[in-house]
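Before any comments, here is the structure.
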Amino acid sequence: MPVNLALGHVSTDFLIAALVIYSLSVVAFAGDFAFGRPRRAASAATGQQARQRAGALASVGAAAAAPAVPPAPSAPPASSPPSAPAAPSAPGSAAPDSMPEVAVPPLRAIRQAGGWVQTALALSAVGVVAHTVAVVTRGLAVHRAPWGNMYEFVTALTCVAAIFFLFVMIKYRAWALGVFVMGAVVVALGLAETLIYTAAGQLVPALQSYWLDIHVTAMTLATGIFFVAAVLGVVYLAADRSARRVAAGRAESGNGILRRLPSIEQIDRLTYRTVMFGFPVWTFGVIAGAIWADQAWGRYWGWDPVETWAFITWVLYAAFLHARATAGWRGRRAHYIQLLGFASLMFNILVVQVFIAGLHSYAGVS
Amino acid sequence: MTDVRAPEADPFESAAEPGEQGPRNRDPASGKLGLADWLKWGWRQLTSMRIALVLLFLLALGSVPGSILPQEGTDPGGVQQYFASHPALAPWLNHLGLFNVFAAPWFAAVYLLLFASLVGCVVPRTFRLAGSARTLPPRAPRHLTRLPRSAEYQTTLTPAVAAEVAATVLAGHGFRLRRPDGDGEYWVSAEKGYLREVGNLLFHLALLGVLVSVALGGLFGYKADRLLVQGTTFADTQSALDEWYPGRFVSAADLGPFTITLNRFDASYITSGAQRGQPSSFDAQISYTAHPGGPVRNDRLEVNRPLSVDGAKVYLIGHGYAPVFKVTDSRGQVVYDQATPFISGASGNFLSQGVVKVSGAQPEQLGFTGVFVPTAVMVGGVLESAFPAADNPVVSLLAYAGNLGLNDGVPQSVYQLNTAAMRQLTSAPQLLLPGQSLKLPDGQGTIAFTGYVPWASLTITHDPGQLPALICGLAALGGLLLSFMVRRRRVFVRARASGQGNGAPDEAHSTVQIGGLARTDASGGFEDEFASLAAELRSAHSQHEGE
C-alpha cells in the first residue's frame, strides 16, 4: 500500500504541537518551583523518618518500612511514633482508635498542590494526547507500527515516557519531578525532530513481520520507561550529592529546588519501581527479538552487535536490581549502574545501529 | 544471595550478606587453615551477591569487544581485513580470543562462574523455601504498633471472638494462619506471598535452562549455506553445501536427505521517492521432497517465512544475479554454457562481481573476471548501477588465457581467478549487452553473454536447543513477573481485654491491634492493602458486635 503523505504531514503537525505544549508544561513545572505553594517537605520528611525508625525497631529493612506517599499535610502524625507504647496511653481509659490513613485521592491532591501544578499537569496531559495522535496518524499513514526507523522510534519512546510519567506523577504525586522528566522529553523530541527527521516511508522486507511489531513495540515501551528511570536516577544523584554536601557542612541546606523535591528515599524507590516495570518488558522484547531473528536469519541468537548491546543493557539493569539488595551497593552506586544501563541502551540506538555494520542496520538515518 | 542467616536481623528467613572476614574466623582455635576451610570460604565468596555483581559486570564488559571487533562467527571477512590493516595488533587480540569473544575460554569462565554462583545461591534457597512452606508463620509479636504498619481500635467483642473473626477474614484473603496454642492469648498470625520466592527461583533456574539450551544447540545442531540458481536443484548432503558448520556431535549422516528446487525467484523494489531502490518484497517459489522418492511439494520461501522440512529449517537469506555465458574455444566447440552466480559487493544496487573458469578450452584454459550491472549507467566514465532490478543489464569482462591452476591441489574459491599463470587477452574491460558476444584475440574463441537468471542463497539450520531455549526464556519472564508482582507480607492481629493492666478487666471490651509488614514491597502498594485490610477487619468486628 502506498504511503499516505497527507496523513504523514498531519502526524508531523501534531508532533510539533506536542513539542510546544510539552515546553509550556515544563515552564509551568518550573513556575511551581519558583512561585508555587510551599510543599511542607520538612513535615513529610519527619513523618517518614519516624516510620523508618519504627521500622528499624521492628527489625525490618528500610525498604519495607517507608511509605511511598508522604502523609497529607492535614493528616495526623505518623500512626506509630517510635516511642509509642503498645499499651493504652492513659490508664483506665481505652486508647483512641488509630487507623491507617487512606491516601488522599489523586485529584484532591492535585487541587491542593496549587495552580502551577494543575496547569503543568493539564498541559502535560494535552501534550500527551497530541503526541499520541501524532504517533497513531504516522502509523495510519505508513500502514504499519510507527516505529520502523530511528526517528519514529524516538518519537514513540518519548510518547511512552510521557504517558508513563504522567501516570507516575498522578499516582505517586511526583509532580516535583515533572520539570526534569518532561524537560528531558522535550529535549529528546526536539533533537529527533531537528536532527533525524525521516519522512513517512515503507520498510525493507526483513522488517515486514508481525514479530517486528511485537519486538520493537516491547523495546520502545521498555526504552520509554527506562528513559524515565534514567532521568529520576540523575535527579537522585544530584539530590544525594547535595545532601552529602550539606551533611559535610560544605553547603547550606537552604537550596530551594532540593527542598521541594520528594525525599531521596522516595526518588530512589520511584526509580527502582520504574526499572522493575521496564525490566520484564525489556526481557520480553529480547525474547520476541530472538523469535524474529530465528524466523528472519535462521538463528535465535547470534551475537550481532545490536543483540550484544541489548544483552549488555539487560545485564546492567539486572545488576542494578541486584545491587539494590546488596549491602554497600545501595543508593549511589546502584544508580550509577542504572545510568550505565541506560547509556548502553542509548549507545545501542545511536551508535551501534547507525555506525557498526550488522543485521540490525535499519535505522534509516543517512 | 547466600545461606548465611541472621535470624535476629530479619523476621523473614533471609539473605544477609556474609561478612568481610576471611576464612581464619572459621577456625580461631588452631590458627591454621585447612584446604576445606579455604574451599568453604571461596564458595561463600562466590555465592555472595557482591561477587555475583562483579561477575555480571565482567559479563557486560566482556561482551563489548565482541560488538566492536569483527567476530569469526558473524564476520570472518572482517577479521581477515582487520589482520591485514593492523598486522601488529591483530595477533595479540587473537591470542586473547577477542575475535571470537563468545566462544573464548575467559568469557566461558565468567559465565560459568556466574552460573555456579547462581546455583550456590538458588539451591539453598529452594530448600529454605520448601522448609518455610512447611513451617507456620511466627507467633504474633507482643507490640504490634511497633511494626511498620499498624492500626488499633476498640470493639465490644470479647478477645476470643475478636480473634476468631479476624482469623476468618484473613483466611478469606488466602493468608496462611497460625493461632495461639492455648496460652491464654488471643492473636492471629497470617502470612501470604510465598509465590514471590517461587518466581525468583523460577527466574534464576530458567536462566540456567537457557544456557543449557544454547549448549544443546551448539553441540547437536548445524548450520549450512547453499547458493541456488533459479531452475536448479540441490540435495541436502555435505558435498552439495557451500558451507557447513556442524555442532560437535553432528556428522554428515545427520543431514536430512531432502532436495529443494528453486523454480522461480522474484524481487521487487520501490521505484520512486526517497526510498527508491529499497527492496519491497522477495519471493522464492520452490518445490521440495522431504526424502528421496517422496512426494514433491510446492512452497514459497520469503524473508521471515522459513520452510520447515525434515527437522531442519530453510531460510531465504540473500539473492543476486547469475549471468549466463556460452564459451566457444578455438576448435569451435562449446566448452562452457551455464549460469554463473555473481556476488554483489559493497557498492549498491547489485553491481556484482564473478569469474568464469573454462578448464576445458583448447589450446589453453580460459578465465574471465566480470562485473554484472543490473541497470547500467555511465557516471564520469565509470560503470555504475542505478537500480537493483535488471532494467538495463550489462556485463563487463576481462579475458585471460593460460593455466587456471585448478590442479595445484589448493582449493580455489569459485569467485576468484588465480591469474598467476595466465596472461590478459583484452587490454580493457569489454562491455556486453545480453545476446552480444566477445571474440577473443588470436582465435582463442568467443564468449557470449546470453542472458541472466536470479539466484537465491539459502541457510539451512537444525537447532535442537531452540524450543527449550524459548520455553526457558518464557519461564524466566514468568518468574520475573511473579517475583516482582507478588509481595511476601505478614499481618498480625492481637486482641486484648480493654483495661488490662489497671486491674479492672472488662472481658466484654477488647482492644484490637493490627500490625503488618512486607518483606519486599518493591512494586509498592502494601500500605494500601494494609489500610483496606484493617478497615475490613474493623467493619467485620462491628458487624459481629450487632449480633
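As you go down the protein sequences, you meet chains A and B in turn. Under the working numbering, think of the first position of the first sequence as 109, with each following residue one higher. Under the working numbering, think of the first position of the second sequence as 3, with each following residue one higher. A virtual CB, placed ideally from N, CA and C, is assigned to each residue, including glycine.
{"Query": "Compare the C-beta of residue 173 of chain B with all C-beta atoms of chain A and state if any pair is closer than 8 Å.", "Result": "no"}
{"Query": "Rounded to whole angstroms, what's the CA-CA distance from residue 294 of chain A to residue 326 of chain A? Just pull it up for me.", "Result": "22 Å"}
{"Query": "Pull out every residue of the segment 249-268 of chain B whose Cβ sits closer than 8 Å to any Cβ of chain A, in chain order.", "Result": "none"}
{"Query": "Is DSSP giving residue 350 of chain A helix, strand or coil here?", "Result": "helix"}
{"Query": "Mapping the DSSP letters down to three states, classify residue 372 of chain B as helix, strand or coil.", "Result": "strand"}
{"Query": "Spell out whether any CB of chain B is found under 8 Å from the CB atom of residue 232 of chain A.", "Result": "no"}
{"Query": "Note down the Cα distance separating residue 232 of chain B from residue 268 of chain B, rounded to an integer number of angstroms.", "Result": "10 Å"}
{"Query": "Per DSSP, which one or two residues make a beta bridge with residue 494 of chain B?", "Result": "B:191, B:517"}
{"Query": "State the DSSP-derived secondary structure class of residue 239 of chain A, mapped to helix, strand or coil.", "Result": "helix"}
{"Query": "Any contact of the segment 369-377 of chain A with the segment 340-357 of chain A, i.e. 3+ C-beta pairs under 8 Å?", "Result": "yes"}
{"Query": "Can you name the residues of chain A whose CB is closer than 7 Å to the CB of residue 272 of chain B?", "Result": "310"}
{"Query": "Does residue 323 of chain A get closer than 8 Å to chain B when you measure Cβ to Cβ?", "Result": "no"}
{"Query": "Quick one: which chain B residues come within Cβ less than 8 Å of residue 408 of chain A?", "Result": "465, 468, 471, 472"}
{"Query": "Report the option in A:138, A:427, A:126 whose CA atom is closest to the CA atom of residue 287 of chain A.", "Result": "A:138"}
{"Query": "Just how far apart, CA to CA, sit residue 136 of chain B and residue 196 of chain B?", "Result": "11 Å"}
{"Query": "Can you name the start and end residues of the beta strand (DSSP E) that residue 260 of chain A belongs to?", "Result": "Premise fails: residue 260 of chain A lies in the alpha helix (DSSP H), 258-279, not in any beta strand (DSSP E)."}
{"Query": "Chain B partners of residue 430 of chain A, CB-CB under 8 Å?", "Result": "3, 51, 54, 55, 58"}
{"Query": "Using a beta-carbon distance below 8 Å, is residue 168 of chain B in contact with chain A?", "Result": "no"}
{"Query": "Does any C-beta atom of chain A lie closer than 8 Å to the C-beta of residue 27 of chain B?", "Result": "Because the pLDDT of residue 27 of chain B is 47, which lies under 50, any placement of that residue in the model is unreliable, and the question is left without a value."}
{"Query": "Given a cut-off of 8 Å on the beta-carbon distance, is the pair residue 226 of chain B and residue 462 of chain B in contact?", "Result": "yes"}
{"Query": "Within 8 Å (strictly less), CB to CB, does residue 418 of chain B reach chain E?", "Result": "Protein chains A and B are contained in the structure displayed, whereas chain E is not."}
{"Query": "If contacts are defined as beta-carbon pairs under 8 Å, then residue 231 of chain A and residue 132 of chain A qualify, I think. What distance do you get, rounded to the angstrom?", "Result": "5 Å"}
{"Query": "With a cut-off of 8 Å on the beta carbons, I'd call residue 585 of chain B and residue 357 of chain B a contact; round off their distance for me.", "Result": "Beyond the ends of chain B as shown, which are 3 and 549, falls residue 585 of chain B; an answer cannot be given."}
{"Query": "Between which two residues does the alpha helix (DSSP H) carrying residue 198 of chain B extend?", "Result": "197-222"}
{"Query": "Identify, in the order they occur along the chain, each residue of the same chain with its Cβ nearer than 6 Å to the Cβ of residue 60 of chain B, setting aside the five sequence neighbours on each side.", "Result": "112"}
{"Query": "At the 8 Å Cβ level, is residue 202 of chain B part of the contact set with chain A, yes or no?", "Result": "no"}
{"Query": "Taking three-plus beta-carbon pairs below 8 Å as touching, is the segment 410-417 of chain B in contact with the segment 384-391 of chain B?", "Result": "no"}
{"Query": "Quick check on residue 425 of chain A: does DSSP put it in helix, strand or coil?", "Result": "helix"}
{"Query": "Starting from residue 268 of chain B, follow its DSSP beta bridges and name the residues at the other end.", "Result": "B:285"}
{"Query": "Just by C-beta distance, which residues in the segment 417-450 of chain A are closer than 8 Å to chain B?", "Result": "417, 419, 420, 423, 424, 426, 427, 430, 431, 433, 434, 435, 436, 437"}
{"Query": "Note down, in chain order, all residues in the segment 141-167 of chain B with a beta-carbon under 9 Å from any beta-carbon belonging to chain A.", "Result": "143, 144, 145, 146, 147, 148, 149, 150, 151, 152, 153, 154, 155, 156"}
{"Query": "If the cut-off is 7 Å on Cβ atoms, which residues from the segment 484-496 of chain B count as contacting chain A, listed in chain order?", "Result": "486"}
{"Query": "So, at 8 Å on beta carbons, what are the nonlocal neighbours of residue 213 of chain B in its own chain, with the 5 sequence-adjacent residues on each side left out?", "Result": "113, 117"}
{"Query": "Starting from residue 540 of chain B, trace the alpha helix (DSSP H) both ways and give me its first and last residue.", "Result": "528-547"}
{"Query": "Using DSSP's beta-bridge definition, name the partner residues of residue 360 of chain B.", "Result": "B:368"}
{"Query": "Measuring alpha carbon to alpha carbon, tell me which of B:230, B:437, B:93 ends up nearest residue 261 of chain B.", "Result": "B:230"}
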